[in-house]
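Protein chains in written order, with our numbering: chain A, 1 to 509; chain B, 510 to 988.
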């Protein structure tokens, strides 16, 4: 039942925030903050009390499970379950959710209650995605979280230059993700009907559909249906068109959620559904996926170097980082998959940090255009120092969490795909370049305008220090993360191993 | 022979028809708007209550087939008509001129729709279709002092007459080949493969009905008529009329195998694809809400044509579920337009600027509208998603990949304009608004109906199991 509450709390909190508007300006903020901290505390408590020993054989892999029939006609169930990976991501959602509330404390000044309603509903939908195990339910949450995100961008976003309006960006985001989601729905339904044809049983259950015997001609198409949906959200390069605009026009809280959590739902979807449902097809597809990952790394990094808008720059770096995650997921190596999880967490921290910082800059100098910045190091106390830390994290400096993740990914992938690793490593050099460009243009260089600006207040200190502490903590001691996800990564690596054994045997014969 | 059992099976039809007579007599005796509306509503409610009595029908009266499909469609017809009556009362309050005749027309059309969904004979089909259409001309041109309303009525009259001609010609062709007009006999007479004349006849019937459903090459009247007609008449046209015609088309396909011949299926597939994409594309840059909803309803019936192509048991269920979700959604969307346009004051409030920032003036009404547009777009947790889910499931189950692709592409295009309207509701800038809802809209019955519809959209989306059971039960009783 605790899983249901994890989902319901943000939704109820959101409604409360909406109504709390009439009790004053601060009420919705505090309620939203309390709600997200509540989610965080519950997930941390689960983490502390849970037993994450490797699952033994047929033993249940879930830490907690909850199921009840929902639409008996099609065998749809409300089936929630949590394991190590979900737990990490739920905790991350709680933490970044609280940060998103905090960072909009000053930024959002009108229609506060409705803003927090949307914010919390996004987070509720995301938690739902991480917990749902019934494919219908998963799809439902997957699509549902888009609506409040749309409103967040469209109503509270920044108006950009002509042709880059916030409504346009929001619509683009929505159509990309919704259309690809429908492809996934078609794939899910095909899978269900195939399973129905074979067994005469209606079900959307994860475990049952994993056993579905998909005809060989169909399987690659179904796998692609899932892959495209996840690829749009991750984003993988040909499907990334929505991301820079959405990030640039979104309010800070929206960017934090988008980069920190929403992109992770895609990687989660691949790990939880994409690969286990279609192991053989995924293995066959792995070279293409890795290629796309490589293109993403290079493309994202190169385009990041050429951006004028600070939020667009960070958005493009996200594309680059997610390229690493994609490579790791399809490498089939346990080490690399664990690295992907670490990198997901690390990227959530570092990109959230950078987005929050750019939001704080915007509050002070009212621009995101880097050509009108420069020399801020001397004008703002403390914040540039924090920026340097997060930029260092983003480029994968040792002792930060990002380093651990990228190192594990590259190290783990090397045995299976050395060429990919070699090229991907070049992406690290590009990462250094765009990071330094960001630092140089914003904080160093010629002073664009004179006058001291306000330093961070207690709220900003708390956000920055907590993020920074986590980045360094995970960087120095990632073992808890690795322990908790060991079971999952091992089982996914196993899927690939079984497949590759088959090929080897085939070649011998 | 007509027996008592037969009379029971057509009881709802008798009740609605006699209500129409009562309303007519009442109008002749003394005009009273409120009482007339009340009588009409009461008649519809009683008709609704007697519907369950008709099943299980041991035998149907001649020319009719009272089965699960008919009862299901009848229920939907009566509910939609009831909502229309409620909204009409709200709307007509400010109308200068006779108000009561509107209900008379509405009841006659409802009776036509009830007969149409149960018709089992081509003659019956034709008569009831005309009974449904004739009053609609009057309803559409009801506020005849407004130029657009008159134009809408006349346009619908002319094109409807053309469609009727197609329909009759198709029936004539089938009659010449078989010598029968009732569906069972037509089917029975055709043990051998249908020849070109039969197919032509079937195709002409599809075209005739396609006019009423505004399937794409025959859709040209739709936006003008939707825009011009008074809002309640538009609601009736978009819900009851379309629903009844669609059900009868489904009945034809289910009953007569030559409707599911390869050639005709290809034809309908092409029409369906054109309708889905055409409806959505034409709606893209529409700034008039009633026209936009008109195009949107074209697209929705394009999706639903998948059921006609598939033409199997699941198709009946899909039709039922989709029609329910479509009705609830469309009633809510048009209902908001009606409320904003009420009481009647010249042209309806259908320009998008009127709705700009509605949320900050009328949060609950805007929430109703948002929910209905989310449902039209097929977003999960709303009724529309369940409908779309069924259509895609049907397409996948039947292996109609082109149609599935069309539904996906159509939905993606559709999002653009649904989102555009939705976000307009929340934009704060003061628009050039000419009208607004009355302050007490929420406590009026029309407002309460809107809230109930919005709640229904959400409940059906969150917990659709009872609806599915009901539809499944009734479609099991379909012959």
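Each residue gets a CB set at the ideal place from its N, CA and C atoms; glycine is no exception. As the structure is a prediction and not an experimental result, all values here were calculated from the model.
Query raised in the report: Under 9 Å Cβ-Cβ, which residues of chain B neighbour residue 183/A?
Result: Those within 9 Å of residue 183/A in chain B are 917.
Report task. State the CB to CB distance for the pair residue 126/A and residue 177/A, rounded to an integer number of angstroms; the pair is presumed to be in contact (CB under 8 Å). Result -> Incorrect: roughly 13 Å between the Cβ atoms, too far for contact.
Report task. Note down, in chain order, each residue of its chain lying with its Cβ closer than 6 Å to the Cβ of residue 783/B, except the 5 sequence neighbours on either side. Result -> Hits under 6 Å: 725.
Report task. Quick one: which unbroken beta strand (DSSP E) runs of 3-plus residues sit fully inside the stretch 65-97 of chain A? Chain order, please. Result -> Segments of the beta strand (DSSP E) lying fully in the stretch 65-97 of chain A: 76-82.
Requested in this report: Could you list the residues in the stretch 951-982 of chain B with a C-beta less than 8 Å from some C-beta on chain A, going in chain order?
Outcome: Of all residues in the stretch 951-982 of chain B, 972, 973, 974, 977, 978 and 981 have a Cβ within less than 8 Å of some Cβ in chain A.
Requested in this report: Could you pull out every residue in the same chain whose Cβ sits closer than 7 Å to the Cβ of residue 408/A, ignoring the five residues on either side in sequence?
Outcome: Cβ neighbours of residue 408/A beyond the five flanking positions: 335, 336, 338, 339 and 342.
**Report entry** DSSP three-state assignment for residue 789/B, whether helix, strand or coil
**Finding:** Residue 789/B carries a helical assignment under DSSP once its states are collapsed to helix, strand and coil.
Requested in this report: Using a Cβ cut-off of 7 Å (strictly closer), state whether residue 58/A contacts chain B.
Outcome: Residue placement at residue 58/A is flagged as unreliable, the pLDDT there being 44, under the threshold of 50; a coordinate-derived value is accordingly withheld.
**Report entry** Span separating the alpha-carbon of residue 678/B from that of residue 612/B
**Finding:** Taking the straight line from one Cα to the other gives about 33 Å.
Query - Supposed contact pair residue 525/B and residue 552/B - C-beta distance, whole angstroms, cut 8 Å - result: Indeed, because the Cβ distance is near 6 Å, the residues count as touching under 8 Å.
Query raised in the report: Smallest Cα separation from residue 686/B: which of 667/B, 909/B and 706/B?
Result: The candidate whose alpha carbon is nearest that of residue 686/B is 706/B.
Report task. Grab me the residues of residue 446/A's own chain with a C-beta within less than 8 Å of its C-beta, minus the 5 sequence neighbours each way, in chain order. Result -> Counting only Cβ-Cβ distances below 8 Å, and skipping sequence neighbours, we find 374 and 375.
**Report entry** Run of the alpha helix (DSSP H) containing residue 210/A, from where it starts to where it stops
**Finding:** Its alpha helix (DSSP H) spans residues 206-210.
Query raised in the report: Residues in the stretch 8-32 of chain A with C-beta within 8 Å of chain B's C-beta atoms, listed in sequence order?
Result: Sequence-ordered contacts of the stretch 8-32 of chain A with chain B are nonexistent [C-beta pairs closer than 8 Å].
Query raised in the report: What are the uninterrupted segments assigned as beta strand (DSSP E) that are 3 or more residues long and contained completely in the stretch 173-232 of chain A, given in chain order?
Result: Fully enclosed beta strand (DSSP E) runs of no fewer than 3 residues are not present anywhere in the stretch 173-232 of chain A.
Report task. Decide if the stretch 380-395 of chain A is in contact with the stretch 420-437 of chain A; the criterion is three or more beta carbon pairs, one per stretch, under 8 Å apart. Result -> Yes, the stretch 380-395 of chain A is in contact with the stretch 420-437 of chain A.
Query raised in the report: Between which two residues does the alpha helix (DSSP H) carrying residue 598/B extend?
Result: Looking at the DSSP string, the run of the alpha helix (DSSP H) that includes residue 598/B is 577-601.
Query - Unbroken alpha helix (DSSP H) run spanning residue 760/B, endpoints - result: Taken as a continuous stretch (DSSP letters only), the alpha helix (DSSP H) holding residue 760/B covers 751-764.
Query raised in the report: Exposed or buried, residue 198/A, counting other C-beta atoms within 10 Å across all chains shown (16 or more means buried)?
Result: Exposed: under 16 other Cβ atoms inside 10 Å.
Query - Given 8 Å, three or more beta-carbon pairs between the stretch 177-196 of chain A and the stretch 218-236 of chain A - result: Remark: three or more beta-carbon pairs, one from each stretch, lie closer than 8 Å, so the stretch 177-196 of chain A and the stretch 218-236 of chain A are flagged as touching.
Requested in this report: Return yes when the Cβ of residue 532/B is within less than 7 Å of the Cβ of residue 549/B, no when it is not.
Outcome: Their beta carbons are under 7 Å apart, which means residue 549/B touches residue 532/B by this criterion.
Report task. Give the DSSP bridge partners of residue 630/B, in chain order. Result -> Paired residue(s): 691/B.
**Report entry** Spatial distance of residue 887/B from residue 171/A (CA atoms)
**Finding:** Going from the Cα of residue 887/B to the Cα of residue 171/A covers about 16 Å.
Report task. Would you identify the three-state DSSP class for residue 257/A, choosing helix, strand or coil? Result -> Three-state DSSP puts residue 257/A in a helix.
Query raised in the report: In terms of alpha-carbon separation, which member of 324/A, 65/A and 461/A lies closest to residue 237/A?
Result: Closest by alpha carbon: 324/A.
Report task. Between the Cα of residue 981/B and those of 830/B, 755/B and 779/B, spot the shortest distance and give me the residue it belongs to. Result -> Among 830/B, 755/B and 779/B, the Cα nearest to that of residue 981/B belongs to 830/B.
Query raised in the report: Grouping DSSP H, G and I as helix and E and B as strand, with all else coil, what is residue 306/A?
Result: Coil, per DSSP.
Requested in this report: Alpha carbon to alpha carbon, how far is residue 75/A from residue 202/A? Give it in angstroms, no decimals.
Outcome: Their backbone Cα atoms lie some 5 Å apart in a straight line.
Requested in this report: Compare the Cα-Cα distances from residue 386/A to each of 467/A, 16/A, 99/A and 149/A and report the closest residue.
Outcome: Measuring from the Cα of residue 386/A, the nearest candidate turns out to be 467/A.
Report task. Check each candidate in 727/B, 723/B, 593/B and 714/B and name the one with the smallest Cα separation from residue 765/B. Result -> It is 714/B whose Cα lies nearest to the Cα of residue 765/B.
Query raised in the report: With 7 Å set as the bound, which would you pick, yes or no: does the beta-carbon of residue 913/B sit closer than that to a beta-carbon of chain A?
Result: With 7 Å as the cut-off, residue 913/B counts as an interface residue toward chain A.
Query raised in the report: In three-state terms, what does DSSP make of residue 417/A?
Result: Residue 417/A falls in the coil class under three-state DSSP.
Query - Burial state of residue 166/A (16 or more Cβ within 10 Å) - result: With at least 16 other beta carbons inside 10 angstroms of its own, residue 166/A counts as buried.
**Report entry** Backbone CA spacing between residue 716/B and residue 970/B [nearest angstrom]
**Finding:** Taking the straight line joining both Cα atoms gives about 33 Å.
Query raised in the report: Going by beta carbon distance, what residues of the same chain come within less than 8 Å of residue 750/B, once the five residues before and after it are set aside?
Result: The residues are 618, 622, 641, 642, 645 and 721.
**Report entry** Among 117/A, 29/A, 495/A and 73/A, the one whose alpha carbon lies nearest that of residue 10/A
**Finding:** Checked all of 117/A, 29/A, 495/A and 73/A; the closest Cα to residue 10/A is 117/A.
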